[in-house]
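Below you'll find the structure, written out as structure tokens, and then a few comments.
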Amino acid sequence: MWRSPSASSSALGRRGSVSLCACGSETSRSRGGMGGAYGIIDVHVHIMPWRMVRPEAAASMKRDARQFEELMRLMDDPDRFIALLDEAGVEKAGLINYVSPDIMGFTEEVNEFSARYARRYPDRLIPFGSVHPRFCKDPAGEMDRLADLGIRAIKLHPPHQLVYPNEYLNGLKALEVIYAKAIEYRMPVMIHTGTSIFPGARNKFGDPMHVDDVAVDFPELTLILAHGGRPLWMATCVFLLRRHRNVYMDISSIPPQNLLAYFPQLERLADKTMFGSDWPGPGVPGIKANIEAFRQLPISEEAKRKILRETALRVFGA
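The working numbering puts the first residue of the sequence shown at 3, with every later residue one more than the last.
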């Protein structure tokens, strides 16, 4: 078990700052697993308080029992997770956490978990947090609280939160507040696009075209389309990347060997694309395995470097 350092020694709680050092300290470089020319950034890893998860959702995760047992250990031990990142050559990772009590079992406590976990390695871990737009009674106050905790980015999961990203147009003002506060604190907002296999998920909410309104109405908001709309809406994601300067995507949960079949123009989209593994999501073999498969793609080394590192540095603040 691990104990978080005191708040006074934390690098968190910096309102308006999402600085992500491009090089890291001497300590982080030595731990960064940088066997190649640069450290990789995996923007999408689900280190979450999985003990909260509802039994029916846990069943999907437990299909790989050995991996689930390792996840339980990693959840309590940031040192162990950092060792896994080092072994994979990953310098920094995004800790994806979101609130979904009715579908997944994750309560607002995921925010404290994410901030506390990242506090151990603030130069290596990017804590994501969440405000549930349907359930939160004071979204402005909650966003202020997340900023004080040190949350650096927001995750919205429409199929698990049962909300369209543009529902503010129909009166759900909480979303408008969340987006405005994210701009104020310079927090990128990652939005799940595509389907979900978890029980209770409503996949109609995963259509990324609803993000088009958000990009238009909040041009200063950095938006990340998680999973690139897979598998139903990949062309829509490409359209949004090309149309909006503030829209990016990650390629998490897509088998790397299939990426060029889904995104033939991936090399031209490298400035808008970030690597993500979605580990330990169902069907994801591992962070290192995904990186190795991605490196085999017949695209330029420059494009690979952008996707594996440089685009994320720009999005999260170099």
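For every residue, glycine included, the Cβ atom is placed at its ideal position computed from N, Cα and C.
Every value quoted in this text rests on a predicted model; they were computed, and no experiment measured them.
> What residues match up with Phe108 in a beta bridge as DSSP calls it?
Replying inline: Ser102
>> Helix, strand or coil for Phe200? Go by DSSP, reduced to three states.
In response: coil
>> Contact defined as beta carbons within less than 8 Å: I believe Leu151 pairs with Ala176. What is the distance between those atoms, to the nearest angstrom?
In response: Leu151 to Ala176, Cβ: 19 Å. No contact.
> Straight-line CA distance for Met74 to Ala60?
Replying inline: 12 Å
> Looking only at C-alpha atoms, which of Leu243, Tyr40, Ile84, Asn99 sits nearest to Pro218?
Replying inline: Rather than Pro, the amino acid found at residue 218 in this sequence is Val. When each option's Cα is compared against that of Val218, the closest is Leu243.
> Under a Cβ-count criterion, where at least 16 other Cβ atoms within 10 Å of its own Cβ denotes burial, should Ser279 be classed as buried or exposed?
Replying inline: buried
>> Just list the residues that DSSP pairs Gly96 with in beta bridges.
In response: Ile128
> At a cut of 8 Å, does the region 231 to 239 reach the region 187 to 200 through at least three beta carbon pairs?
Replying inline: yes
> Taking the beta strand (DSSP E) that Tyr250 falls in, what are its first and last residues?
Replying inline: 249 to 252
>> Which residue marks the beginning of the beta strand (DSSP E) containing Ala228, and which one marks its end?
In response: 225 to 228
>> Can you tell me whether Lys139 is buried or exposed? The criterion is at least 16 other CB atoms within 10 Å of its CB, across all chains shown.
In response: exposed
> Using the beta-carbon count (16 or more within 10 Å), is Ser132 buried or exposed?
Replying inline: buried
>> Would Ala95 and Pro161 qualify as a contact pair, given that the criterion is a beta-carbon distance under 9 Å?
In response: no
> Of all the CB atoms in chain D, is at least one closer than 9 Å to the CB of Arg147?
Replying inline: In summary, chain D is missing from the structure at hand, where a single protein chain is found.
> Between Leu227 and Pro258, which are expected to be in contact by the criterion C-beta below 8 Å, what is the C-beta distance as a whole number of angstroms?
Replying inline: With a Cβ gap of about 17 Å, Leu227 and Pro258 do not count as contacting.
> Are the region 256 to 272 and the region 290 to 299 touching, with three or more C-beta to C-beta distances below 8 Å?
Replying inline: yes
> What residues in its chain sit with their C-beta under 7 Å from that of Met106, if we drop five residues either side in the sequence?
Replying inline: Val55, Arg56, Ala59, His162, Phe200
> By Cβ distance, which residues of its chain are closer than 7 Å to Lys308, with the 5 residues on each side in sequence left out?
Replying inline: Ala272, Asp273
>> Counting C-beta neighbours from all protein chains within 10 Å, is the total for Ala263 16 or more, i.e. buried, or is it exposed?
In response: exposed
>> With a threshold of 7 Å on Cβ separation, who are the neighbours of Tyr123 within its own chain once the five nearest residues in sequence on each side are excluded?
In response: Pro80, Ile84
>> Rounding to the nearest angstrom, what Cα-Cα distance links His46 and Phe277 in this structure?
In response: 8 Å
>> Just to confirm, is the Cβ distance from Pro51 to Val112 under 9 Å?
In response: yes
> Got a sec? Which residues, its chain only, sit under 8 Å from Ser302 by beta carbon, not counting five neighbours each side?
Replying inline: Glu269
>> Between Ile253 and Leu223, how many whole angstroms is the CB-CB distance? I'm expecting something under 8 Å.
In response: In fact, because the Cβ distance is near 21 Å, the residues do not count as touching under 8 Å.
> Which of helix, strand or coil does DSSP assign to Leu158?
Replying inline: strand
> Residue ranges of each alpha helix (DSSP H) run of no fewer than 4 residues wholly in the region 166 to 211, ordered along the chain?
Replying inline: 175 to 186
> What residue from Tyr166, Pro210, His134, Phe108 has the CA that sits closest to Ile180's CA?
Replying inline: His134
> Where does Ile43 sit, in a helix, a strand or coil, going by DSSP?
Replying inline: strand
> Cβ atoms of Asn99 and Pro129: under 9 Å apart, would you say?
Replying inline: yes
> Alpha carbon to alpha carbon, what distance is there between Thr275 and Thr313?
Replying inline: 7 Å
> With a CB to CB cut of under 6 Å and the five nearest residues on each side skipped, what residues in its chain are close to Asn205?
Replying inline: Pro161, Thr197
>> So the candidates are Tyr187, His246, Ala305; which of them puts its Cα closest to the Cα of Gln267?
In response: Ala305
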